[in-house]
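To start, the structure itself, in structure tokens.
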Amino acid sequence: MHFKSALALAALCAVTAMAARADAAKAEQRGKLELKSAGPLAFGPRGILFIGDPKGAAIFAVETKDTDKATGSNHARASVNVDNIDQKIASLLGTAPDQVRIQDVAVNPVSGKVYISVSRGRGPDAQPVVVRVDATGKVGEFSLDGVTFSKASLPNPPEDQESGSGRRRQNNRDFAITDLAYIDGTVVVAGLSNEEFASNLRAIPYPFSEVNRGASIEIFHGNHGRLETRSPVRTFVPIAWGGNPQIIAAYTCTPLVRIPLADLRPGTKIRGTTIAELGNRNQPLDIIAYQKDGKNFLLLANAVRGVMKISSEDLMTREGITKPVRSKTAGQPFETIKSWKGVTQLDQLDEANAIVLIEEQGHAHLRTLPLP
Numbered sequence: 093m094h095f096k097s098a099l100a101l102a103a104l105c106a107v108t109a110m111a112a113r114a115d116a117a118k119a120e121q122r123g124k125l126e127l128k129s130a131g132p133l134a135f136g137p138r139g140i141l142f143i144g145d146p147k148g149a150a151i152f153a154v155e156t157k158d159t160d161k162a163t164g165s166n167h168a169r170a171s172v173n174v175d176n177i178d179q180k181i182a183s184l185l186g187t188a189p190d191q192v193r194i195q196d197v198a199v200n201p202v203s204g205k206v207y208i209s210v211s212r213g214r215g216p217d218a219q220p221v222v223v224r225v226d227a228t229g230k231v232g233e234f235s236l237d238g239v240t241f242s243k244a245s246l247p248n249p250p251e252d253q254e255s256g257s258g259r260r261r262q263n264n265r266d267f268a269i270t271d272l273a274y275i276d277g278t279v280v281v282a283g284l285s286n287e288e289f290a291s292n293l294r295a296i297p298y299p300f301s302e303v304n305r306g307a308s309i310e311i312f313h314g315n316h317g318r319l320e321t322r323s324p325v326r327t328f329v330p331i332a333w334g335g336n337p338q339i340i341a342a343y344t345c346t347p348l349v350r351i352p353l354a355d356l357r358p359g360t361k362i363r364g365t366t367i368a369e370l371g372n373r374n375q376p377l378d379i380i381a382y383q384k385d386g387k388n389f390l391l392l393a394n395a396v397r398g399v400m401k402i403s404s405e406d407l408m409t410r411e412g413i414t415k416p417v418r419s420k421t422a423g424q425p426f427e428t429i430k431s432w433k434g435v436t437q438l439d440q441l442d443e444a445n446a447i448v449l450i451e452e453q454g455h456a457h458l459r460t461l462p463l464p
């Protein structure tokens, strides 16, 4: 989902060293990769694609063999623009566009090709699929048959059953993996666990050899005026600005939280630092970090509040919000990019451009846009 693999985060060495041994990781194998769902995506070195499978409570690392370098420099790669990509994917899979649900979009930093995780169909019988789009706009299925892959199963996922009623009815297993990123030999995974503090972040060493129970995350939600432990991180990006590796995580409704990577020790309970309240009644969808004109920024796509460009000024040192926030927003400054309408997913294509998924008039379109 994000341009994360280039970040060098030496602090994770300590995290890796403390990870608890488990039998949940499987050695590399070749054959048919069986997904129960296709969720968050991220890339590692040499075109390795990480696929989050929330339903199966597992992370897969797949050799794509997509290692031919993209045409042009990293400053200006070929644009990828596909109108009505939902229709093209539906045609490829032999179904109707309303039976296609796009889950995530990630750019292979080596080739510049775009990978998309998809659910074909609705409900519990939906079939997971991964498709690939090249610079010419050609859409094809990325076959998971006959691939080399390895698997890391989460040891403490939430139960796979529905609970609650009405609008609050949900299956917590769907949130076992809400986002992931590869960082300097480690896959960081956000989601829910079956712990008392359900919100969870874990660091899994790659190649997979061990999987830990992760750290439980607590935050102060200013708009709600209380501490929360059960709401999962919806999307996150790791940053190392100033040599102090942190995860910047966005939650529903919409606190922005800073969490030191070095604190992700298995079995611990961590309180993140809420550095912003970005507006209630909103769902964060995707986030990237980038640099422009010598300055660092975050770009956050939201379901209701548009795309926010968030300044890095004082981001690493800002004191946390610890009291109720009466206004809609507080903390870290941002501006809304009004021209970026309908963006639901984004990833960085090169130093100057982003790949975005835009939903408008009932259809989805893949676009290359200059970073604001």
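Be aware that the sequence shown starts at 93, since it is given in our numbering, and climbs by one per residue. The beta-carbon is built from N, C-alpha and C at its ideal position, and this holds for glycine as well.
- Following the DSSP letters along the chain, one finds Ser183 inside the alpha helix (DSSP H) bounded by residues 177-185.
- Judged by DSSP secondary structure, Ala456 falls within the beta strand (DSSP E) whose first and last residues are 455-462.
- Residue pairing of Phe241 in beta bridges, as defined by DSSP: Gln121, Val154.
- Residue environment for Val435: buried (at least 16 other C-beta atoms within 10 angstroms of its C-beta).
- Note: Phe389 is bridge-paired with Tyr382, Ser403 in the DSSP secondary-structure output.
- By the beta-carbon neighbour count (other beta carbons within 10 angstroms, threshold 16), Leu319 is exposed.
- By the criterion of a C-beta distance shorter than 8 Å, Asp178 is surrounded in its chain by Pro189, Val192, Ile194, His455, Ala456, once the five residues flanking it on both sides are discounted.
- A check of alpha carbon separations from Asp237 across Gly186, Val280, Thr156 identifies Thr156 as the nearest.
- Selection Ser171, Thr414, Glu288, Thr344 evaluated against Val448 yields Ser171 as nearest (Cα-Cα).
- An exposed status is given to Ser431, since fewer than 16 other beta-carbon atoms sit within 10 Å of its beta-carbon.
- Rounded to the nearest whole angstrom, the CA to CA distance from Asn304 to Ala354 is 15 Å.
- DSSP places Gly283 inside the beta strand (DSSP E), whose first and last residues are 278-284.
- Here Gln253 carries a coil assignment [DSSP, helix/strand/coil].
- Going by DSSP, Ser209 is part of the beta strand (DSSP E) stretching over 206-212.
- A distance of 9 Å or more separates the beta carbons of Asn315 and Pro358.
- Distance from Gly423 to Ile413 at the Cβ level is roughly 6 Å; contact confirmed, criterion being Cβ atoms closer than 8 Å.
- DSSP places Asn264 in the helix class (H, G or I) of the three-state scheme.
- Sequence-distant Cβ neighbours of Arg322 in its own chain, meaning closer than 7 Å and more than five residues away, are Ala290, Ser291.
- Sixteen is the threshold: when 16 or more other Cβ atoms of the shown chains lie within 10 Å of the Cβ of Pro250, as they do, the residue is buried.
- Only residues of its own chain outside the window of five on either side were considered, and among them Val325, Arg326, Thr327, Phe328, Leu348, Val349, Leu370, Pro376, Ile379, Leu392 have a CB closer than 8 Å to the CB of Ala342, listed in chain order.
- Per the Cβ contact rule, the stretch 262-280 is not in contact with the stretch 224-241 (fewer than 3 Cβ pairs under 8 Å).
- Exclusion of the five residues before and after Asn264 leaves Pro250, Leu284 as the residues of its chain whose Cβ lies within less than 6 Å of its Cβ.
- Only residues of its own chain outside the window of five on either side were considered, and among them Ser308 have a CB closer than 6 Å to the CB of Glu287, listed in chain order.
- The Cβ atoms of Asn394 and Asn374 lie closer than 9 Å to each other.
- Apart from the 5 residues on each side of it in sequence, Pro425 sits with its Cβ closer than 6 Å to the Cβ of Ser403 in its chain, given in chain order.
- With 16 or more other Cβ atoms from the protein chains shown falling within 10 Å of its own Cβ, Pro146 counts as buried.
- Around the beta carbon of Gln440, a 10 Å sphere encloses 16 or more other beta carbons of the protein chains shown; the residue is thus reported as buried.
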